[in-house]
Structure formats: C-alpha cells, structure tokens
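Here the protein sequences come in this chain order: A and B.
For the first sequence, our numbering gives the first residue as 1, with consecutive numbering after it.
For the second sequence, our numbering gives the first residue as 384, with consecutive numbering after it.
Data block below; observations after.
Protein chains: 2
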Amino acid sequence: MTITAPRGFRAAGVTAGLKVSGKPDVALVVNEGPSDVAAAVFTTNRCKANPVLWSERVLDDGRARAVVLNSGGANCYTGPQGFQNTHSAAEQVAARLDLGAVEVVVCSTGLIGEQLEADKLRTGIDAAVDALSADGGPAAAEAIMTTDTRPKEAVRQGNGFTIGGIAKGAGMLAPALATMLVVLTTDADVDQATADAALREATRLTFDRLDSDGCMSTNDTVVLLCSGSSGVKPGPNEFGELLRDLCHDLAQQLLGDAEGADHDIAIEVVNAATEQDAVNVGRAIARSNLFKTAVFGKDPNWGRILASVGTTDAVFEPDRLDVAFNGVWVCRNGEPGESRDKVDLNPREVTVTVDLKAGLAAATIWTNDLTHAYVHENSAYST
Amino acid sequence: MTITAPRGFRAAGVTAGLKVSGKPDVALVVNEGPSDVAAAVFTTNRCKANPVLWSERVLDDGRARAVVLNSGGANCYTGPQGFQNTHSAAEQVAARLDLGAVEVVVCSTGLIGEQLEADKLRTGIDAAVDALSADGGPAAAEAIMTTDTRPKEAVRQGNGFTIGGIAKGAGMLAPALATMLVVLTTDADVDQATADAALREATRLTFDRLDSDGCMSTNDTVVLLCSGSSGVKPGPNEFGELLRDLCHDLAQQLLGDAEGADHDIAIEVVNAATEQDAVNVGRAIARSNLFKTAVFGKDPNWGRILASVGTTDAVFEPDRLDVAFNGVWVCRNGEPGESRDKVDLNPREVTVTVDLKAGLAAATIWTNDLTHAYVHENSAYST
C-alpha cells in the first residue's frame, strides 16, 4: 500500500503514452487532509529542471495537497515552454481537485533537453484523477520508474501513525541526492517545522550518502506530505527516527537497483576528526573510477583507496591509515597488512572500512562498482 | 634523440627484471653540466610514494645531476623499507657517478603497495650506468613505460639551444598531474628561478589540464634538468614558450594513449568570468561518467554537460548557456539548439565548447571517453 498506507491519501498510476514502451508514466498522489503540511528537498544542481523550479515555489509556504509525477521526459533544459508545461500540469490537477495550482508539486523524470508531449500529459493527468484510489500507492510507484528494474516502496508503523514512501532512481545517484523522485506520506499530525527538520535530517543521512556515479541530477525531489488524519502527534524524535529508517530502506533499494552494478559497496570511514571529514573521504573513494573498476574485478586494491584519501583535506597521517575489505585489514599504517587473498569479493555486498585515526566521528557512503554494464547502459541510453 | 638531443646529457634504458614481461624497466638520465640547475613538480596527493618523498628533498636546493627511474613497481605505501630502497638507489647512482645522493632524483611507477625487488633494482642500476650514452634517450623512454602502448618523446629547437622530453602515463591521468613521469632536459643556460617558473607555468597549462579519469596519482613527477652546455641564455619568454610547447606535445601524446579510450575530448570553456571558473567547469564535465559514456556511445548529450556545469560555483546563468559539439551548437540559451543529427562523433577527436557568457576568460581541459576497454583494463590490471 506504501504511500496510501497512511490514512488520508489517494494515489494513482496510469499510462499516458509518454514512454515509448507503453508502460505507466503518470502518477498522482493526493493528500485529503485535514492537514496540508508538506516539506521537500530538491537537487542542489544550479541547472535545475522546470518541475524543480516550479515545485520550489510551491513549497515556499510549507504546504501542498498533491504531487503529480511523470516519467518519459524530464522537462529539463526546455526553456519557457517547458516551464509553461509544468505550470499547466499543476493548474490542471488543481482544477480537477478544487485546489490552487500552488498546492500542486510537479516532478518529471526521463530524457533531458526535449519538450514533453503536452497533449499526452494532459490526457494522462485526467486519467490519473479518475483513477485515484485509497490503494493506488503501488500503481504510482510503478508509473515513476525509468531504467529501474523494480519499484521501490516502504512503509513504517509508528505509535498510532504510519509513514509510507515510494522512490525511483537507478543512475546518476550522486551527491546532494540522486536522480531520484521520492514521495513520502504520513498520517501523523506534525507541524511544518517538525516535518521539515525530520525530512532534512533523514535525507542528509540516507539519500545524500548514496554516491553511485558522482553525477548530480537536475530533477531530484523528495517530498513529504502530512495528512494529520491519524490525529496522533508523535514526538519529533519518534517521527524523525521512523522517517529516517524508512528513507534508509528506500535508499538501499535505489542502491541495489543501480544501473549495471555488480556490487553494493558501503564505505565506512571511522575515527575521523569530524563527520564532514568522514563524508569527504568516503565520497572521494566512491568517486574513484579506479577503485570502482577494481571492485568489479574483485581486486581488494587498497592502494587506490589510499590514493583517493590523499586527495582530500581531511585530518590524517598517511603512514597511520588502515584499510579493510570485509573486515580483512589489507592495509595497516599505510603499508601492506593482512593478505589480500583472505578477501572474498564474490558476494554483491562489500564493506570497505577506512580508519583515519584522527578522532571519533564516522560516516558511511554507499556506492556501486563500475562495470561493463554501466558503460553499456549509459552509452546506449540517452538521459 | 629526445632527452639526449640537448648537449650535456647521457641516458640509458635497461632490463632489470622488475617487469614480469621482461621488457626494459630501469632508466637513467645524467646531466654532465656545466650547470646543475633543476626544477620539478610533484603530485599534490597527500599520500605520496617514497620516491616522491625523497625527490622533493633532492629538489629543495633547485639542483640535480641525475634521474633514475624504474617501472615494474611504484614503491608506494611500502613504509620505511620502501623509503630505504629509494634512498639506496640514489646512493648507488651517486657512488657510481661520483655525485652526492642528494643530487639524484628517483622516480618509480607500477603496482602500488608492494615492495620493489631491491636486488634486481641494484643490478639494473649498475647496468644502466654502464649503458649510459649520448644517444640513450629513446631507450630511457621505453624503459619507463607501463601500460603505455608507445613511448612518448618530444624535442624542440630554440635559438642555439634545445629542449628534449620523455613521458610515461596511460591511466590515472588526473588533476594536478597524472600518473605520469616526465623528464625534460635542456642545454640552455637558465638560472634556477627561470627554470622553476617556466616549468610550473608549462605544467599548469598542459599536464595539469589533462583529466583522463579524475584519479590523482601517488608518484607523479615532472623534472627538468638544465646542463647549460649550449652556453646560450635564452630570454625567459623564449625558453618558457618553447618548454610549454614541448609539454603540450607530450601531454597530447599521453592523452592519445589513455587506457581504453576511443575518443580524445577537448573541453573548451569560453567567456568565463575567470580562468579558474573555466578550469572548474571543464574539470566538472571531464569527470562526469555520464558525459564520458555518452561520447563513447557517440551521443552528443548536451544535457549531461549542463548538469555538470550546474554542479560548479562558476559565474553563469543557466538559461544563457550554449554548448557545441564539434562546432554544432546543440544547446542555445539552455534549450535545444541545432539538431543533434548534425554532429558526427565517429572521429577520435571531439571538441566540446561551453559558452558561459560571463566574461572573457577561457581554458581547455582534455579528457577521454569512458569505455568498456577502460573498465576491462582497470578491473583486470592491479595498479
């Protein structure tokens, strides 16, 4: 049931013909209240897609009633006509649902630099409104997929309230969000400040720490709608922790479906002077094509890890660095440690641990290996 | 003749057995003076290889008489024993040539994280001293190759003086140098300040603007030896321009031999507010795996370029950006421009032009595409 598991929400996913595959491509999520509290986080890319430019305005007042999403076209770098298409979509949803256009978030995903087929989108939105139902979450999750091989969905149960979420994203998983669209719903009665703080913290610790290929998207949006219809006011910690747990679940689903990946890699940076140092070191490793190809080749190549650590300004001494693959400390104090032969990189899950010996902070960055399939998919598929 | 084209130099390249292939792996270059002026630029990686740690000390006084180089092992992350091996190599060269050890630069390239076979290196150095000759430049160029498919050599003739150079490097071509070793020689009579300034400027504008895979090496060294034996004191501009031209030639040879590349890509960023803005934008594009795989797929995907530009803090307006592939302006003012169909990405040479419309500065970054062969070579070959 995902995003329709919390009370007060209806959703739909329909086929509008924007995708040449003929698969579902328009989704709609509606918050029926009583509350219209909302929060969102967007890509930090300065070259943003039109739906992001629009939706940032919608969220200015921390309120939203509906999210309309399309796959089959990112509506990005499409100029004033593209912005107009986004605006029209919001107006159409608003007219059909008796809302204001500024209560309607718009998200798009697909090819960059081409105009959406406005007629098809219009027909799709009408069909989606007609199809809205209290169990439409899974259909919406399916309609936002692009190169995803499976829908991403999660639900968490709190004390008297529920949080649900759907996500899409398979490539371009990167800093400050991935090419991802995420819709989160809850029937908890939370105020806007609580919703916003909880969403930002959850995003910071989950989606923001995915770095599949270092490429930052133009359309990333994570939006949280709060209906308040459970009548339950959870404590901010309870709500925030549950939201974070759900976002972690969705983030791991995104990681597990990353384009062409053979390995899911957790890079744990421990004993850092600061959390930011740990994040920076983890990200530098996650972005090393040499490290990522080595994991693809099942080679526990710690030298490439040290070379990446050395590009950062984190606090550490080169001759004190330790590195482990799956708990085998192949590098001790910047020199060869345990035998590489003890490391088995056949399983999909890989954990790299880097001990900076500079403090007490830690962070984990998740990434994938760099494979032939990644090259194939991204050289053959235009995004 | 390359590095032995200028008067006052002898060189050699021999086989010491450090490479399992049995190919030449120890090179020696000796400056017979009268001048011993030298300058060098090293990797900015904080996790440096032992030969870099040693050679930085050698260059402290701006003087050097010899460079000994080995392939078949980077002597990197090998601890105190590794440093001792580097030091011993310098002492051995010095003893055989009646120099001080602090006059001997040491460079190593090959696998990281394994001790060099010191016995073989010692035998190789003796053989190299015995083989020194006034036409040994090409043999030295061959002995420093690793995954290079061909030696890189260049010579430039000034007014009464000559500059020669050899280089190696095929992967890890990256910021602030590549995995490259470069030895430059000249018989010009230049003082240390002139040599140093000319080398830094030439490096900044050539080797530093290669960014093949964004990975910074641990062993990079560019060293210039000046014998003064021509007796000619060129003006600093004449010397600097000729040196830069020669370094550009070597850098293009490195680019053309990058591991697994199908395309050589020049990213020209024009009308930037500052040169640094232009460099930052060019580098962001050069590091986008999505852009690089698109070029491999012969897809003039300007959307991925704009998405990379948007990750920088350069001065620009998203809706004023223009992008061309090989002179075809496929993006105008952040929207689709000329038809992508006009772009032919079959030839190896690709020029991407990004017009920031923010000022008068410009810079070019050179990179390669991301191919199946890159993934293969770097997953199968441990460095």
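The C-beta atom is built at its ideal place from N, Cα and C for all residues, glycine as well.
With a CB to CB cut of under 8 angstroms and the five nearest residues on each side skipped, what residues in its chain are close to residue i?
i, result
"A:P336", "V330"
"A:A118", "N85 and S88"
"A:L306", "P318, L321, V323, C331 and G334"
"A:G22", "T15"
"B:N414", "G391, F392, A421, A447, R448, A449, T568, L608, C609 and S610"
"A:M1", "D135, G137, P138, V155 and G164"
Whose C-beta lies closer than 6 angstroms to the C-beta of residue i among residues of the same chain, with five residues either side of it excluded?
i, result
"B:N672", "L753"
"A:S339", "none"
"A:A27", "G13, L69, A140, A143 and I144"
"B:A499", "This sequence places Leu at residue 499 of chain B; Ala is not what is there. Hits under 6 angstroms: G456, N458 and N468."
"A:S379", "none"
"A:A128", "A12, V14, V26 and L28"
"B:G346", "Outside the displayed range of chain B (384 to 766) lies residue 346 of chain B, so it cannot be described from this structure."
"B:V662", "A746"
"B:I748", "R592, D594, I650, G665, R666 and A669"
"B:E474", "A484"
"A:V270", "D355 and A362"
"A:K292", "D369 and L370"
Spatial neighbours of residue i within its chain, please: CB distance less than 7 angstroms, with the 5 preceding and 5 following residues excluded, ordered by chain position.
i, result
"B:K681", "L728 and N729"
"B:L625", "R539, G541 and I546"
"B:T577", "P619 and F622"
"A:A178", "Model confidence at A:A178 stands at a pLDDT of 41, short of 50, so the residue's coordinates are unreliable and nothing is read from them."
"A:V343", "P300, F325, N326, V328 and V330"
"A:G160", "S230 and V232"
"B:R583", "V424"
"B:A432", "A457, N458, C459, S491, T601 and N602"
Relative to the C-alpha of residue i, which residue among the options is closest?
i, options, result
"B:K551", "B:E525, B:F679 and B:P683", "B:E525"
"B:V758", "A:H372, A:E377 and A:H376", "A:H372"
"A:A131", "A:C76, A:A16, A:T203 and A:K48", "A:A16"
"B:L739", "B:K675, B:T589 and B:E700", "B:E700"
"A:A273", "A:S308, A:L360, A:L306 and A:D262", "A:L360"
"A:S20", "A:Q92, A:D61 and A:G110", "According to the sequence shown, residue 20 of chain A is Val rather than Ser. If we check each option's Cα against that of A:V20, A:G110 comes out closest."
"B:P534", "B:G543, B:G391, B:L564 and B:D645", "B:L564"
"A:T149", "A:K292, A:V354, A:E259 and A:G33", "A:E259"
"B:E732", "B:Q464, B:G639, B:L504 and B:I688", "B:G639"
"B:A478", "B:R505, B:C490 and B:K406", "B:R505"
"A:S227", "A:S35, A:V30, A:L59 and A:G22", "A:S35"
"A:V315", "B:D579, B:D660, B:R429 and B:G416", "B:R429"
"A:C247", "A:T367, A:E153, A:D60 and A:D189", "A:E153"
With which residues is residue i paired in a DSSP beta bridge?
i, result
"B:W749", "B:L593 and B:A649"
"A:Q157", "A:T162"
"A:S55", "Looking at the DSSP assignment, A:S55 forms no beta bridge with any residue, so it has no partner."
"A:P336", "A:C331"
"A:T186", "A:I163 and A:C226"
"B:N453", "B:V409 and B:S491"
"A:A361", "A:A272"
"A:V323", "A:C331 and A:V354"
"B:R448", "In DSSP, B:R448 forms no bridge with anything."
"B:T604", "B:F425 and B:L564"
"B:K431", "In the DSSP output, where bridge partners are listed per residue, B:K431 has none listed."
"A:K152", "A:A167"
"B:N414", "B:F392"
Could you give the first and the last residue of the continuous beta strand (DSSP E) run that contains residue i?
i, result
"A:F42", "V37 to F42"
"B:R627", "Segment P619 to G639 is the alpha helix (DSSP H) holding B:R627; no beta strand (DSSP E) there."
"A:K168", "T162 to K168"
"A:E349", "E349 to D355"
"B:G396", "F392 to V397"
"A:S108", "V104 to S108"
Assuming residue i and residue j form a contact by the criterion Cβ under 8 angstroms, report the distance between their Cβ atoms to the nearest whole angstrom.
i, j, result
"A:D191", "A:V295", "Their Cβ separation, rounded to whole angstroms, is 44 angstroms, which puts A:D191 and A:V295 out of contact at 8 angstroms."
"B:T387", "B:A517", "6 angstroms"
"B:R448", "B:E486", "4 angstroms"
"A:R332", "A:D322", "5 angstroms"
"B:P389", "B:T530", "Between B:T530 and B:P389 the Cβ distance is about 29 angstroms, and since that is not below 8 angstroms, they are no contact."
"A:G79", "B:G717", "7 angstroms"
Taking the alpha helix (DSSP H) that residue i falls in, what are its first and last residues?
i, result
"B:D579", "Q575 to L588"
"B:D502", "A501 to A514"
"B:Q464", "G462 to L480"
"A:K292", "N289 to F296"
"B:V692", "W685 to V692"
Could you check whether the Cβ of residue i sits closer than 8 angstroms to any Cβ belonging to chain D?
i, result
"A:C247", "You won't find chain D in this structure, because its protein chains are A and B."
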